[in-house]
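Here our numbering is used: the first residue of the sequence shown is 100, the next is one more, and so on. Quick reminder that beta carbons are idealized off the backbone N, C-alpha and C, glycines included. Reviewing the structure listed below.
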Amino acid sequence: MLPPLLLLLLLLLQLPHSWSSPPFQTSQDFTRCLFSQNSTVATHTNLIYTPASPKYSLLLQSTIRDARFNTTLAPKPSVIVTPTSLSQIQASVHCSREHGLQLRVRSGGHDYEGLSYTSPYPNYPFVVLDLVNFRNISVDVPEKTAWVQSGAILGELYHRIGEASPNLAFPAGSCHTVGVGGHFSGGGFGFLMRKFGLAADNVLDAVLIDSKGSVLDRASMGEDMFWAIRGGGGNSFGIVLAWKVRLVSVPSPVTVFRVIRTLEQNALEIVHRWQSVASKLPKETTNSSTTTTTIRATFNALFQGRSNSLVSLMQSRFPDLGLRKGDCQEMSWLEAMVFHAGFPSNSSVDVLLDRTISPLVGSFKYKSKSDYVQDAVPKAALLKIWGKLFETDVGGGIILMALTR
Numbered sequence: 100m101l102p103p104l105l106l107l108l109l110l111l112l113q114l115p116h117s118w119s120s121p122p123f124q125t126s127q128d129f130t131r132c133l134f135s136q137n138s139t140v141a142t143h144t145n146l147i148y149t150p151a152s153p154k155y156s157l158l159l160q161s162t163i164r165d166a167r168f169n170t171t172l173a174p175k176p177s178v179i180v181t182p183t184s185l186s187q188i189q190a191s192v193h194c195s196r197e198h199g200l201q202l203r204v205r206s207g208g209h210d211y212e213g214l215s216y217t218s219p220y221p222n223y224p225f226v227v228l229d230l231v232n233f234r235n236i237s238v239d240v241p242e243k244t245a246w247v248q249s250g251a252i253l254g255e256l257y258h259r260i261g262e263a264s265p266n267l268a269f270p271a272g273s274c275h276t277v278g279v280g281g282h283f284s285g286g287g288f289g290f291l292m293r294k295f296g297l298a299a300d301n302v303l304d305a306v307l308i309d310s311k312g313s314v315l316d317r318a319s320m321g322e323d324m325f326w327a328i329r330g331g332g333g334n335s336f337g338i339v340l341a342w343k344v345r346l347v348s349v350p351s352p353v354t355v356f357r358v359i360r361t362l363e364q365n366a367l368e369i370v371h372r373w374q375s376v377a378s379k380l381p382k383e384t385t386n387s388s389t390t391t392t393t394i395r396a397t398f399n400a401l402f403q404g405r406s407n408s409l410v411s412l413m414q415s416r417f418p419d420l421g422l423r424k425g426d427c428q429e430m431s432w433l434e435a436m437v438f439h440a441g442f443p444s445n446s447s448v449d450v451l452l453d454r455t456i457s458p459l460v461g462s463f464k465y466k467s468k469s470d471y472v473q474d475a476v477p478k479a480a481l482l483k484i485w486g487k488l489f490e491t492d493v494g495g496g497i498i499l500m501a502l503t504r
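This is how it looks when you write it as structure tokens:
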């Protein structure tokens, strides 16, 4: 049996870089090109935003999730386009190529380096194509499939699935404001992945616009391209506008828990032990461990079953955690997504529709890195990591450990 794979995600608070803003002289040429390419552009007043537009800054900042990039020195787009039609996106692709502008596509703005709305190349002008208006979702309950546009956030997708059926779900992330486009094209792990795989594993088809402006589906783009956009980054190969996904069956209710252990409660020993035990739990159980620089471990879990079964399972397989029935809550899968998004358990499921508020994402500056390991991280290595975080002068850090097997 292969050793469990652990996904390690390290977040460090960090000072902003000293970047200079790009020139904006190309914005007028790009705008004129859009008008000439697409007749519908002239009829939409809320379509093109330049630095001179009153709402430019508000729109740009609307989904900046990392305050490192919300500074006056961060490179800004020459133009932000919020298309409402396929033809407007095709025109944007043509005009950005025609005028030598980089084209960056924004879905939810959660990318670690802000590359959907800024640029590491301050001397190269770029355009942001914001897909906020591409958020349609249609669910086919009998077929257990759904089509979702890339501008939707995970919370909107979950809410729509939950409305359609209490026993259907989709295996994707816990942070509800993450955009579908970036999440699916980057892989997408979450609380159902042990049984059903990543979000990308459950993509059945896609609609993509390539660099020539051609509209492609799975058949016309070919299997190599279809493979690449499911984990290789959709914006690397084209603009993915929509995804057809396979929905999965879940029981009702499911059980969730969030248990915190401190250093005095043997947090280090429990985290180390968890790495070896978690992979042997049934696939219906998915949990993650979060540790901070105070060496406080938080265990989050979603179990596809009743609380009595979960407590019995954990007591026999992982007694170190000391899970009790009082730690568990039974709820629908949709309510579990509210819980794991960081909201209080009595919150309405409608909070998943809010694109602006996310308990899991603060307004601070941070640096994130991720990696996979095949062997459990030794206790000595965990101590070294925590020690390194204590040495830094940036304010702290978090280690997220998620089992993927």
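Keeping to the same chain, check which residues put their C-beta closer than 6 Å to that of residue i; ignore five residues upstream and five downstream.
i: T385; result: F290, R293, L401
i: Q187; result: N137
i: I484; result: none
i: H198; result: T125, D128, F129
i: E429; result: P352, T354, S406
i: S446; result: V437
Compute the beta-carbon to beta-carbon distance between residue i and residue j, rounded to the nearest angstrom, for a pair I have assumed lies under 8 Å.
i: V180; j: V226; result: 6 Å
i: H258; j: V448; result: 6 Å
i: T217; j: F168; result: 5 Å
i: G330; j: G285; result: 7 Å
i: V358; j: L422; result: 6 Å
i: E212; j: R234; result: 24 Å between Cβ atoms; not a contact.
i: S387; j: L499; result: 6 Å
i: G208; j: T171; result: G208 to T171, Cβ: 18 Å. No contact.
i: T361; j: R395; result: 5 Å
i: D419; j: F356; result: Actually they are not in contact, since the Cβ atoms of D419 and F356 sit about 15 Å apart, beyond 8 Å.
i: F129; j: S177; result: 7 Å
i: N334; j: V247; result: Not quite, the Cβ-Cβ distance comes to about 17 Å (not below 8 Å), so this is no contact.
i: V140; j: A268; result: 39 Å between Cβ atoms; not a contact.
Could you say which of the options lies nearest to residue i if we only look at CA atoms?
i: I69; options: V178, R329, V240, Q187; result: Limits of the chain in this structure are 100 at one end and 504 at the other, which puts residue 69 out of reach.
i: P150; options: H193, Q248, P224; result: P224
i: Q62; options: L340, S348, I456, T397; result: Because the chain spans 100 through 504 in this model, residue 62 falls outside it and cannot be assessed.
i: K382; options: L133, P270, L253, G207; result: P270
i: L315; options: G207, A435, R416, A341; result: A341
i: R164; options: S206, N334, R405, D309; result: S206
i: A480; options: V370, K379, E429; result: V370
i: P182; options: L172, S375, D229; result: D229
i: E262; options: V178, V238, C132; result: V238
i: A475; options: G486, W373, V460, K468; result: W373
i: D210; options: V339, V279, Q403, G441; result: V279
i: T389; options: V353, H439, Q428; result: H439
i: N222; options: K468, A173, V347; result: A173
i: K424; options: A166, T354, I328, S469; result: T354
i: V339; options: P443, V347, L185; result: L185
i: V347; options: F295, D323, A327, I328; result: F295
i: C274; options: I456, Q473, K468, V472; result: I456
i: S156; options: L380, K175, A166, L482; result: K175
In this structure, what does DSSP give as the bridge partners for residue i?
i: K294; result: For K294, which the question treats as bridged, DSSP gives no partner whatsoever.
i: S348; result: L267
i: A173; result: DSSP, once it has assigned bridges, lists no residue as partnering A173.
i: E429; result: T354
i: W342; result: V247, A305
i: T384; result: F402
i: F225; result: Q201
i: V238; result: A245
i: L146; result: Paired residues: none, contrary to the question.
i: G272; result: DSSP lists no partner for G272.
i: G278; result: I252
i: E315; result: Glu is not the amino acid found at residue 315; the sequence shown has Leu there. L307.
i: A178; result: In the sequence as displayed, the identity of residue 178 is Val instead of Ala. Paired residue(s): V226.
Please work out which residues of its chain come closer than 8 Å, Cβ to Cβ, to residue i, disregarding the five sequence neighbours upstream and downstream, and give them in chain order.
i: S351; result: P265, N266, S431, W432
i: S310; result: V192, R196, G337
i: E368; result: D419, K478
i: G272; result: L253, H282, G287, F288, G289, A298
Only counting the same chain, and skipping five residues up and downstream in sequence, which positions put a Cβ closer than 7 Å to that of residue i?
i: R345; result: K243, T244, N301, L303
i: V231; result: T181, G250
i: R454; result: I252, T276
i: Q189; result: I308, G312
i: R317; result: D304, A305, F325
i: P122; result: With a pLDDT of only 47 at P122, under the threshold of 50, the placement of this residue in the model should not be trusted, and no figure is reported.
i: K154; result: Y148
i: V376; result: R416, F417
i: V450; result: V437, F442
i: C194; result: F129, C132, L133, Q136
i: I328; result: S284, A305, L307, F336, V339
i: Q160; result: N169
Does the beta-carbon of residue i, which I'm using as the reference point, lie nearer than 8 Å to any heavy atom of the ligand FAD?
i: L214; result: In the structure shown, the ligand FAD is absent, as is every other ligand, since no ligand is present at all.
Q | Contact between the stretch 463-481 and the stretch 294-301 (3+ Cβ pairs under 8 Å) | A | Contact between the stretch 463-481 and the stretch 294-301 is absent, because fewer than three Cβ pairs lie under 8 Å.
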